[in-house]
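A.B. asks: In the numbering used here, the protein residues as written are 6 to 392.
For glycine and all other residues, C-beta sits at the position ideal for the given N, C-alpha and C.
Since this is a predicted model, take the numbers as computed values, not measurements.
Right, I'll just put the structure down here and ask away after.
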């Protein structure tokens, strides 16, 4: 008894493991419906061939796991007597089904071409005819040889040998009790079946294996996720730095705006510069536009005049003094004045190849040589002959 219990527990454990590793285990998954046709004959107490008569039936099965199925089957015996009824017997059974191939060889995710199934169960037997009726308890045990027509297991053809017992056949012969599983009250049943398997939620007509996770693949994905998180954090840091830079630039812009507004509201200061002239010197004046420090093309002849003289008089030198008109602050005007003097000096050196040590360029700030303020945007070039 202990061995039987151990075997049953081991089989249930195998069934449970397989149920956890497949897809298509929802309630409406893996249902099938089939038609049976064949015949029955007394197992003992009659002529097997002569007493063989036909029966037909149908069954509905729910496959719980690749190993375990539960079904309801109804078979009807064809009347061979002179009674007026087409059928004179019916047996309705609740059956459990064990797929022995999947139980012992394992389920690989696809049905086999041939599957051997053990069937056992109990039910209700009803015998009837003209003028009589009899109800009894029945038991059934047998094998199903299932041939799947394709790898998708849409259709199955089966050969189904089985023994059916009339469990109310408890009789005594002499002092011996034959018991309920008595061959004298049993029939041999041989049917062929055609079964259709409905499509399941996994898109197939059978169980499919759950795809196992590859730990290396999982670790790789986790690594990528962590890398992306690091990149996201780095981008967040860059955005914060950019926000800080923008804030700093905004502050500087506001400060410059305030300075410009202050300069606009400041009255210009006029610095008077006295230009000493000498009757022994030659002067040339280069004028500039407002705020400009580049010599205009129209003023180049005035620069050329200085250069021609210095080339003809190798001992001569030139003092270039730049001036600005009184608009703006003294600091800005000082820079403009210096830039205007340097602009004339640069042309003498680069274009006319006058030595730099012969040129003295200085900014003089705001000039007051002329009554018109705009006329004081000049560079005055004074030539001096060295004796």
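With three or more beta-carbon pairs closer than 8 Å as the criterion, would you say the segment 41 to 56 touches the segment 217 to 232?
C.D. replies: Judged by Cβ distances under 8 Å, the segment 41 to 56 makes no contact with the segment 217 to 232, as fewer than three pairs qualify.
A.B. asks: Starting from residue 298 and walking both ways along the beta strand (DSSP E), at which residues does that stretch end?
C.D. replies: No beta strand (DSSP E) contains residue 298, which DSSP labels as neither H nor E.
A.B. asks: For the beta strand (DSSP E) that contains residue 122, what are its first and last residues?
C.D. replies: Unbroken beta strand (DSSP E) run through residue 122: 119 to 134.
A.B. asks: Exposed or buried, residue 109, counting other C-beta atoms within 10 Å across all chains shown (16 or more means buried)?
C.D. replies: Residue 109 should be labelled exposed.
A.B. asks: Please determine, among 102, 84, 203, the residue with the shortest C-alpha to C-alpha distance to residue 94.
C.D. replies: Nearest of 102, 84, 203 to residue 94, Cα basis: 84.
A.B. asks: So what's residue 349 in DSSP terms, helix, strand or just coil?
C.D. replies: Helix at residue 349.
A.B. asks: By the DSSP assignment, the alpha helix (DSSP H) with residue 220 in it spans what residues?
C.D. replies: 220 to 269 is the extent of the alpha helix (DSSP H) around residue 220.
A.B. asks: Which residue wins for smallest C-alpha separation from residue 44, given the options 169, 235, 292?
C.D. replies: Comparing Cα-Cα distances from residue 44 to each of 169, 235, 292, the minimum goes to 169.
A.B. asks: Excluding the 5 residues flanking residue 386 on each side, which residues of the same chain have their C-beta closer than 6 Å to its C-beta?
C.D. replies: The residues are 289, 311, 323, 325.
A.B. asks: Got a sec? Which residues, its chain only, sit under 8 Å from residue 207 by beta carbon, not counting five neighbours each side?
C.D. replies: 28, 29, 34, 213.
A.B. asks: Pull up the CB-CB distance for residue 315 and residue 363, whole angstroms please, since I reckon it's below 8 Å.
C.D. replies: Confirmed, Cβ separation roughly 7 Å.
A.B. asks: Going by beta carbon distance, what residues of the same chain come within less than 6 Å of residue 127, once the five residues before and after it are set aside?
C.D. replies: Cβ neighbours of residue 127 beyond the five flanking positions: 144.
A.B. asks: Excluding sequence positions up to five away, which residues of its chain have a Cβ less than 8 Å from the Cβ of residue 116?
C.D. replies: The residues are 153, 156, 158, 211.
A.B. asks: DSSP three-state label for residue 402, please.
C.D. replies: Nothing about residue 402 can be reported from this structure: the residues present for the chain run from 6 to 392 only.
A.B. asks: Can you list, in chain order, the residues of its chain with a C-beta nearer than 7 Å to that of residue 298? Leave out the 5 residues immediately preceding and following it.
C.D. replies: Counting only Cβ-Cβ distances below 7 Å, and skipping sequence neighbours, we find 341, 344, 345, 348.
A.B. asks: For residue 294, is the beta carbon positioned less than 6 Å from some heavy atom of the ligand MN?
C.D. replies: In the structure on display, the ligand MN does not appear, and there are no ligands present to speak of.
A.B. asks: Looking at C-alpha atoms only, which residue of 305, 237, 260 is the closest neighbour of residue 356?
C.D. replies: The candidate whose alpha carbon is nearest that of residue 356 is 305.
A.B. asks: With 16 as the cutoff for other CB atoms within 10 Å, does residue 234 come out buried or exposed?
C.D. replies: Residue 234 comes out exposed.
A.B. asks: Could you give the residue range of the alpha helix (DSSP H) that holds residue 310?
C.D. replies: That run of the alpha helix (DSSP H) goes 305 to 317.
A.B. asks: Using the C-alpha atoms, what's the distance from residue 368 back to residue 381?
C.D. replies: Roughly 13 Å between the two C-alpha positions.
A.B. asks: Comparing C-alpha positions only, which one of 167, 378, 100, 221 sits nearest to residue 294?
C.D. replies: Out of 167, 378, 100, 221, 378 has the C-alpha closest to the C-alpha of residue 294.
A.B. asks: At what residues does the beta strand (DSSP E) containing residue 378 begin and finish?
C.D. replies: Premise fails: residue 378 is in no beta strand (DSSP E) and is neither H nor E.
A.B. asks: Along the chain, where does the beta strand (DSSP E) containing residue 109 start, and where does it finish?
C.D. replies: Careful: residue 109 lies outside any beta strand (DSSP E), inside the alpha helix (DSSP H) at 105 to 110.
A.B. asks: Run through the DSSP bridge pairs and tell me what residue 38 is partnered with.
C.D. replies: DSSP lists 65, 201 as partners of residue 38.
A.B. asks: Strictly by DSSP, which residues pair up with residue 171?
C.D. replies: Answer by DSSP bridge pairing, in chain order: 143.
A.B. asks: Restricting to Cα atoms, I'd like to know which of 161, 335, 192 is closest to residue 58.
C.D. replies: Among 161, 335, 192, the Cα nearest to that of residue 58 is on 192.
A.B. asks: Using the Cα positions of residue 137 and residue 86, report the straight-line distance between them to the nearest angstrom.
C.D. replies: Distance between the alpha carbons of residue 137 and residue 86: 13 Å.
A.B. asks: Using the beta-carbon count (16 or more within 10 Å), is residue 445 buried or exposed?
C.D. replies: Since the first and last residues shown for the chain are 6 and 392, residue 445 lies out of range.
A.B. asks: Measuring CB to CB, does residue 60 end up less than 7 Å from residue 82?
C.D. replies: The answer is yes: Cβ separation under 7 Å.
A.B. asks: Note down the Cα distance separating residue 241 from residue 254, rounded to an integer number of angstroms.
C.D. replies: Computed Cα separation, rounded: 20 Å.
A.B. asks: So, is residue 320 buried or exposed, given that buried needs 16 or more other C-beta atoms within 10 angstroms?
C.D. replies: Classification of residue 320: exposed, given that the 10 Å Cβ count is below 16.
A.B. asks: Would the beta-carbon of residue 122 fall within 7 Å of that of residue 96?
C.D. replies: Against a cut-off of 7 Å, the Cβ pair of residue 96 and residue 122 comes out as no contact.
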